[in-house]
Amino acid sequence: RSGEMAKLTQLIDNEVFRAYATYTTIVLLKMMLMSLITAYFRITRKAFANPEDTASFGKGESAKKYLRTDPDVERVRRGHLNDLENIVPFLGIGLLYALSGPELSTALVHFRIFAGARIVHTFAYLIPLPQPGRGLSWAVGYAVTISMAYKVLKTALYL
Amino acid sequence: RSGEMAKLTQLIDNEVFRAYATYTTIVLLKMMLMSLITAYFRITRKAFANPEDTASFGKGESAKKYLRTDPDVERVRRGHLNDLENIVPFLGIGLLYALSGPELSTALVHFRIFAGARIVHTFAYLIPLPQPGRGLSWAVGYAVTISMAYKVLKTALYL
Amino acid sequence: RSGEMAKLTQLIDNEVFRAYATYTTIVLLKMMLMSLITAYFRITRKAFANPEDTASFGKGESAKKYLRTDPDVERVRRGHLNDLENIVPFLGIGLLYALSGPELSTALVHFRIFAGARIVHTFAYLIPLPQPGRGLSWAVGYAVTISMAYKVLKTALYL
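Dropping the structure here:
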């Protein structure tokens, strides 16, 4: 078993793969933070989606009024969904890209710009910044993912 | 080609990786089940989102009334989205964790608790259980993912 | 470092893994296209979700009227979410399946049918085609994923 382990850890010892592991973990943790921010706004704005979540505010009509949408809650939820839509492609295409043998320096440029763009996107969404702030940060992350996909298809194409 | 295959199957022969493969497949199948439950409630409650889905109920106004939201359908859809928000981080961070060389027993504890928490979360959402049942099951899965992310960053950090 | 690289590229040199990389990249790019289609409909239908997105249409009430939902925008968004719900399981289960040592020809059948089904599903949703066109294309992709999950659990099961 330790022989197999040695082979497995070769993957995590590779610098490109370590960089992928680091930046993927960072963007996934950032995405997970959106759940906490949603919970924060749901509690402070008293805006819930499930009747059982409002039970602590009393019974009947007094609790029912907290079953509502709130602009701040909906804004965080849109940001969370946008994360899912963009970080899932990065998760998959980035892994294949890391395994396609890119130069370390090139890979780092891709991973750093993607992670930076998604962090800027979150601030742009939550503050919110005037457009085209959010749009540009979205486009930068999108373009980085397309660039990685191009490298994957150039290296691995097998239809 | 069989030489390459041998190397590939070394990955799937590793016990930590096999455990990751097993529990990831289980939670992804569980998430896929939400689609079937949504379809079940859409059909039994006659609540659809697309005009073409109601065509079998007749034409014009008689079909249009089934283009509506239903509390049971929306509840399953919220559970499905919550799965996406939490299982995607597990998919990515869990893979990197499995490759970071954890002890088999430690890895099993992480994978089993995460899968158990997500199954409990689904029951808590659909029955529904009174709070904090659903909240706690969500938090347990969240904490397990954070714990795995910590191990990944400690082992692989390369900024 | 070049020694590690050699080992890593063994993965991407494997034909089954290359096929997985190719079809995964294709379906993820297809999913990313949904963002552009959403943006296209938001701009042409003038239907936005964020106040800052309508600022270029003027201030106050004249801009506020573009904060609205539009049937075409909502349709693309439902298609996008359906992609997430189905392509995330393919991403995870497909990776584990590719590592479980399937026959190349069997793996290609799985990957090609899944990618084809998701492309047909997108056309069925956006045109839209009458049912059961969309339902069938969804079910085919779903069944392919279940078949791969069965192979993963048969090969790797470790509870």
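Residue numbers (this note's numbering), protein chains in the order written: chain C, 26 to 184; chain X, 26 to 184; chain F, 26 to 184. A virtual CB, placed ideally from N, CA and C, is assigned to each residue, including glycine.
In this chain, the alpha helix (DSSP H) harbouring residue 178 of chain C covers 158 to 181. For residue 150 of chain F, the uninterrupted alpha helix (DSSP H) run begins and ends at 129 to 151, by DSSP. For the pair residue 149 of chain X and residue 155 of chain X, the Cα-to-Cα distance works out to about 8 Å.
In the structure shown, the three-state DSSP call for residue 121 of chain F is helix. Looking from the CA of residue 172 of chain F, the closest CA among F:127, F:85 and F:44 belongs to F:127. Residue 98 of chain C does not reach chain X, its nearest Cβ partner there being about 13 Å away, counting only Cβ pairs nearer than 8 Å. Taking the Cα positions, residue 80 of chain X is about 34 Å away from residue 111 of chain C. Sequence-distant Cβ neighbours of residue 115 of chain X in its own chain, meaning closer than 7 Å and more than five residues away, are 52, 139 and 170.
Under a criterion of Cβ atoms nearer than 7 Å, the residues of chain C adjacent to residue 114 of chain X are, in order, 53, 56 and 57. Contacts with chain X at 8 Å (Cβ-Cβ) do not include residue 127 of chain F. In this structure, the CA atom of residue 184 of chain X is about 60 Å from the CA atom of residue 83 of chain X.
Burial state of residue 130 of chain X is exposed, judged by a 10 Å Cβ sphere holding fewer than 16 other Cβ atoms. Taking C-alpha positions only, residue 136 of chain F is separated from residue 123 of chain X by approximately 25 Å. Here the alpha carbon of residue 132 of chain F sits roughly 26 Å from the alpha carbon of residue 104 of chain F. As computed with DSSP, residue 82 of chain F is found in no beta bridge at all. According to the DSSP assignment, residue 40 of chain F belongs to the alpha helix (DSSP H) that extends over 40 to 69. In the three-state DSSP reduction, residue 92 of chain F falls in the strand class (E or B). Residue 37 of chain F reaches chain C at 121, 124, 125, 126, 180 and 181, counting residues in chain order whose Cβ is nearer than 8 Å. In chain order, 170, 173, 174 and 177 place their CB closer than 8 Å to the CB of residue 118 of chain X, counting only its own chain and leaving out the 5 sequence neighbours on each side.
Around the Cβ of residue 109 of chain X, a 10 Å sphere holds 16 or more other Cβ atoms; the residue is buried.
Residue burial is scored here from C-beta neighbours: residue 86 of chain X has fewer than 16 other C-beta atoms within 10 angstroms and is therefore classed as exposed.
Neighbours of residue 40 of chain C in chain X, taken as residues whose beta carbon is under 9 Å from its own, are 183 in chain order. Taken in chain order, the members of the segment 76 to 91 of chain C whose beta-carbon sits within less than 7 Å of a beta-carbon on chain X are 77, 78 and 80. Taking 8 Å as the threshold, the shortest C-beta distance from residue 46 of chain C to chain X falls below it. Non-local beta-carbon contacts of residue 72 of chain C in its own chain, meaning distances under 7 Å to residues more than five positions away in sequence, involve 91, 93, 94, 95 and 98 in chain order. For residue 133 of chain F, no CB of chain X lies under 8 Å from its own CB, so it is not counted at the interface with that chain. Contact check for residue 76 of chain F and residue 75 of chain X: beta-carbon distance about 29 Å, past the 8 Å limit, so the pair fails to qualify. For residue 109 of chain X, the C-beta contacts it makes with chain F under 8 Å involve 109, 110 and 113, in order along the chain.
Taking a Cβ-Cβ threshold of 7 Å, none of the residues of chain X is close to residue 72 of chain C; the smallest such distance is about 14 Å.
C-alpha of residue 40 of chain C to C-alpha of residue 158 of chain F: approximately 46 Å in a straight line. Only 167, 170, 171, 174, 177 and 178 from the segment 164 to 179 of chain F bring a Cβ to less than 8 Å from some Cβ of chain X. Beta-bridge pairing by DSSP links residue 73 of chain F to F:92. The C-beta distance from residue 121 of chain C to residue 181 of chain C rounds to 7 Å, short enough to fall under 8 Å. Proximity of residue 67 of chain C to chain X, defined by a Cβ-Cβ separation below 8 Å, is not satisfied.
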